[in-house]
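Whatever position you read off the sequence shown (first residue = 1), add 17 for our numbering. All C-beta atoms, glycine included, are put in the ideal place defined by N, C-alpha and C.
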Amino acid sequence: MALALTLGRRGLGRTWPNPAVGAVIVAGGLIASRGWTQSGGRPHAEVEALRRAGKAARGATLYVTLEPCSHQGKSPPCADAIIAAGIARVVSALEDPNPKVAGAGHARLVAAGVAVDVGIGADEARRAHAGHIRRVRNGRPNVMLKLAISADGKVAAAGRRPIAITGSEVRDRVHLMRAQSDAIMVGIGTVLADDPLLTCRLPGMERDSPVRIVLDGHLRLPASSRLVRTARDVPVWLIGGPHAPSANEQTLVAAGVDIARMPNRNGHFDLSTVLKLLAERGITRLMVEGGPTLAASFVAADLVDEAVLFRSARSVGADGIDALEDLPLTALTSSLQLSRIKSEPLGADTWDVFERK
Numbered sequence: 018m019a020l021a022l023t024l025g026r027r028g029l030g031r032t033w034p035n036p037a038v039g040a041v042i043v044a045g046g047l048i049a050s051r052g053w054t055q056s057g058g059r060p061h062a063e064v065e066a067l068r069r070a071g072k073a074a075r076g077a078t079l080y081v082t083l084e085p086c087s088h089q090g091k092s093p094p095c096a097d098a099i100i101a102a103g104i105a106r107v108v109s110a111l112e113d114p115n116p117k118v119a120g121a122g123h124a125r126l127v128a129a130g131v132a133v134d135v136g137i138g139a140d141e142a143r144r145a146h147a148g149h150i151r152r153v154r155n156g157r158p159n160v161m162l163k164l165a166i167s168a169d170g171k172v173a174a175a176g177r178r179p180i181a182i183t184g185s186e187v188r189d190r191v192h193l194m195r196a197q198s199d200a201i202m203v204g205i206g207t208v209l210a211d212d213p214l215l216t217c218r219l220p221g222m223e224r225d226s227p228v229r230i231v232l233d234g235h236l237r238l239p240a241s242s243r244l245v246r247t248a249r250d251v252p253v254w255l256i257g258g259p260h261a262p263s264a265n266e267q268t269l270v271a272a273g274v275d276i277a278r279m280p281n282r283n284g285h286f287d288l289s290t291v292l293k294l295l296a297e298r299g300i301t302r303l304m305v306e307g308g309p310t311l312a313a314s315f316v317a318a319d320l321v322d323e324a325v326l327f328r329s330a331r332s333v334g335a336d337g338i339d340a341l342e343d344l345p346l347t348a349l350t351s352s353l354q355l356s357r358i359k360s361e362p363l364g365a366d367t368w369d370v371f372e373r374k
């Protein structure tokens, strides 16, 4: 199961709206094949593993990180493929909360005489499939907030000038986090201040960059920004207000930007409504990498499911910009909704991970 979970992580950020599942087939005490959900969400992991195993699948055991599907979607049910291949036993980490499955996959296997064990590796599988589970149960993506913070709790210099706070090891980790996310979100303030690219720039992983989402109530996104200039290479979705100038929209759409208009108040959106829209468009794992205003908005709305804090030993100074606009950092780190599950060094910095309880 540990191997299946590792294989499944290969698909994180690339299989949405489907979950990134891993599968391993064991025959005669040896690994006969491996599979993981392919880009775009299909073929599913089980079908990949069965294809690679061939005749070795008959009488074998299949380890899979999520219940095999039992319904006809854009591909036939995996449960039927497992039965047809002659698998004798299925070890499944989790029941799929999707109402179209919800135990029906396991039941179909049992009815066909396949032995089924559920629950091995369940805790890790819940983390791996957090985006899928959150989207099905709550109608929104799983939200991961990333912050790089100085020793004195700052994220930028005076005047909101961007500065390097953490080291190269953190930078590489952030790029990997981007690749494992379906989408990344920033506010227009971050775009205007930093002109970010928001892609994954690890060697060989550039095409694994997430959808880039900008909250921009007044459609101020400059046509000259790096986001707009690369919109035809890596998708850019802009959430704009209903009364923003249509001329700006025409320019951005012509450059390849996908624009959705939503109600807002003084340029501020209801984040729950935004997240619902993203879920409807298939996003399951959202990385929030905006500035202190957007970060504080997610914290205040209790919409942070995972927080990743990279802490530097370097101080910025009293005139620096606090990590959370008008909120103490303890609103996040001491939240009753989150618990710290990891704290370890990353180069010269410290990497803390918080998770919703």
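Exercise. Taking DSSP as the reference, what is the three-state secondary structure of M194?
Worked result: Taking the first residue of the sequence shown as position 1, residue 194 is located at position 177. When secondary structure is reduced to three states using DSSP, M194 falls in the helix class.
Problem set entry | Burial state of R178, where buried means 16 or more other Cβ atoms lie within 10 Å | The residue you call residue 178 lines up with position 161 of the sequence shown. Taking every protein chain shown into account, the CB of R178 has fewer than 16 other CB atoms within 10 angstroms, so this residue is exposed.
Problem set entry | DSSP three-state assignment for N35, whether helix, strand or coil | Reading the sequence shown from its first residue, position 18 is the one you call residue 35. If DSSP states are grouped into helix, strand and coil, N35 belongs with coil.
Problem set entry | Nonlocal neighbours in the same chain, by C-beta distance under 6 Å from R27, ignoring five residues either side | Looking up residue 27 in the sequence shown gives position 10. Annotation for R27: W53 place their beta carbon closer than 6 Å to its own, counting only its chain and skipping 5 residues before and after.
For this session: Starting from K171, follow the beta strand (DSSP E) in both directions and report where the run begins and ends.
Result: Residue 171 sits at position 154 when you count from the first residue of the sequence shown. First-last of the beta strand (DSSP E) with K171: 171-173.
Problem set entry | Nearest residue (CA-CA) to S352, options A335, R373, V41 | As a first step, residue 352 must be located in the sequence shown, where it is residue number 335. The residue among A335, R373, V41 with its C-alpha nearest the C-alpha of S352 is R373.
Problem set entry | Three-way DSSP call (helix, strand, coil) for L326 in this model | Here residue 326 refers to the residue found at position 309 when the sequence shown is read from its first residue. Here L326 sits in strand by DSSP.
For this session: Apply the 10 Å Cβ neighbour rule to H285 and answer buried if 16 or more other Cβ atoms are within range, or exposed otherwise.
Result: On the sequence shown, residue 285 is found 268 positions in, with the first residue counted as 1. H285 is exposed by the Cβ-count criterion.
Exercise. Under the three-state reduction of DSSP, which class applies to E84: helix, strand or coil?
Worked result: For this step, residue 84 is matched to residue 67 along the sequence shown. Here E84 carries a coil assignment [DSSP, helix/strand/coil].
Exercise. What does a CB cutoff of less than 8 Å around G138 pick up in its chain, not counting 5 residues either side in sequence?
Worked result: As a position in the sequence shown, residue 138 is number 121, starting the count at 1. Sequence-distant partners of G138 (beyond 5 residues in either direction) whose C-beta falls short of 8 Å from its own C-beta, in its chain, are M18, A19, A21, L22, T82, A110.
For this session: Using three-state DSSP, classify D366 as helix, strand or coil.
Result: Locating residue 366 in the sequence shown gives position 349, counting from the first residue. In the structure shown, D366 sits in a strand (DSSP, three-state: E or B).
Exercise. Which ranges would you report for the beta strand (DSSP E) in the region 76-162 if only whole runs of at least 3 residues count?
Worked result: Listed in chain order, the beta strand (DSSP E) runs fully inside the region 76-162 are 78-81, 106-109, 132-135, counting runs of at least 3 residues.
Exercise. Relative to the C-alpha of G334, which residue among M161, Y80, Q267, A175 is closest?
Worked result: Indexing the sequence shown from 1 puts residue 334 at position 317. Nearest C-alpha to G334: A175.
For this session: List the endpoints of the continuous beta strand (DSSP E) containing S289.
Result: Here residue 289 is taken as the residue at index 272 of the sequence shown, counted from 1. Unbroken run through S289 is the alpha helix (DSSP H), 288-297; no beta strand (DSSP E).
Problem set entry | For R229, the first and last residue of its enclosing beta strand (DSSP E) | Numbered from 1 along the sequence shown, position 212 holds the residue referred to as residue 229. Here the beta strand (DSSP E) through R229 covers 228-232.
Problem set entry | Boundaries of the alpha helix (DSSP H) in which A70 is found, first to last residue | Position 53 of the sequence shown, counting from 1, holds the residue named residue 70. Where A70 is concerned, the enclosing alpha helix (DSSP H) stretches over 62-70.
Exercise. Counting pairs of beta carbons, one from the region 287-297 and one from the region 153-167, are three or more of them closer than 8 Å?
Worked result: In short, these stretches touch, since the Cβ pair count reaches three.
Problem set entry | Expected contact under 8 Å - CB spacing of V38 and T78 to nearest Å | Counting from 1 along the sequence shown, the entry for residue 38 is found at position 21. Counting from 1 along the sequence shown, the entry for residue 78 is found at position 61. About 16 Å separates the two Cβ atoms, so there is no contact after all.
Exercise. Per DSSP, D275 forms a beta bridge with which residues?
Worked result: Looking up residue 275 in the sequence shown gives position 258. W254.
For this session: Would you decide whether I205 is buried or exposed? Buried here means 16 or more other CB atoms lie within 10 Å of its CB.
Result: Taking the sequence shown and counting its residues from 1, the one referred to as residue 205 is at position 188. When all chains shown are included, I205 counts as buried.
Exercise. Assuming A318 contacts L288 under a Cβ cut-off of 8 Å, what Cβ separation, rounded to an integer in Å, is found between them?
Worked result: In the sequence shown, the residue the question calls residue 318 occupies position 301. In the sequence shown, the residue the question calls residue 288 occupies position 271. Indeed, because the Cβ distance is near 5 Å, the residues count as touching under 8 Å.
Exercise. Is L83 near the ligand SAH, in the sense that its beta carbon is under 7 Å from a heavy atom of that ligand?
Worked result: Of ligands this structure carries none, so the ligand SAH is not represented either.
For this session: Would you check if the distance between the CB atom of A49 and the CB atom of A70 is smaller than 8 Å?
Result: Here residue 49 refers to the residue found at position 32 when the sequence shown is read from its first residue. Here residue 70 refers to the residue found at position 53 when the sequence shown is read from its first residue. It is a contact, given that the beta carbons lie within the stated cut-off.
For this session: Return the CA-CA distance between V107 and A210, expressed in angstroms with no decimal places.
Result: In the sequence shown, residue 107 corresponds to position 90, counting from 1. In the sequence shown, residue 210 corresponds to position 193, counting from 1. Cα to Cα, V107 sits roughly 52 Å from A210.
Exercise. Run through DSSP, which three-state label would R188 get?
Worked result: Here residue 188 refers to the residue found at position 171 when the sequence shown is read from its first residue. Three-state DSSP puts R188 in a helix.
Exercise. Taking all protein chains shown into account, do 16 or more other C-beta atoms lie within 10 angstroms of the C-beta of R47, making it buried, or fewer, making it exposed?
Worked result: In the sequence shown, residue 47 corresponds to position 30, counting from 1. The question names Arg, but residue 47 is Leu in the sequence shown. The residue is exposed, with fewer than 16 neighbouring Cβ atoms inside 10 Å.
Exercise. Excluding five sequence neighbours on each side, which residues of the same chain lie with their C-beta closer than 7 Å to the C-beta of A181?
Worked result: For the purposes of this step, residue 181 is taken as residue 164 along the sequence shown, with counting starting at 1. None.
Problem set entry | Pair within 8 Å by beta-carbon distance, A438 and G337 | No answer is possible for residue 438: the residues shown for the chain start at 18 and end at 374.
Problem set entry | Per-residue DSSP class, three states only, for G204 | As a working mapping, residue 204 is identified with position 187 in the sequence shown. Looking at G204 - three-state DSSP - the assignment turns out to be strand.
For this session: Quick one: grab the DSSP three-state call for A165.
Result: The residue given as residue 165 occupies position 148 in the sequence shown. It is a strand residue.
Problem set entry | Spatial distance of D189 from L219 (CA atoms) | One-based indexing of the sequence shown puts residue 189 at position 172. One-based indexing of the sequence shown puts residue 219 at position 202. If you take the alpha carbons of D189 and L219, they lie about 7 Å apart.
For this session: Check whether the Cβ of A200 lies closer than 8 Å to any Cβ atom in chain B.
Result: Going by chain labels, chain B is absent from the structure shown, which holds only one protein chain.
Problem set entry | Pairwise C-alpha distance: E266 and G76 | Residue numbering aside, residue 76 sits at position 59 when the sequence shown is read from its first letter. Residue numbering aside, residue 266 sits at position 249 when the sequence shown is read from its first letter. In a straight line, the C-alpha of G76 is about 59 Å away from that of E266.
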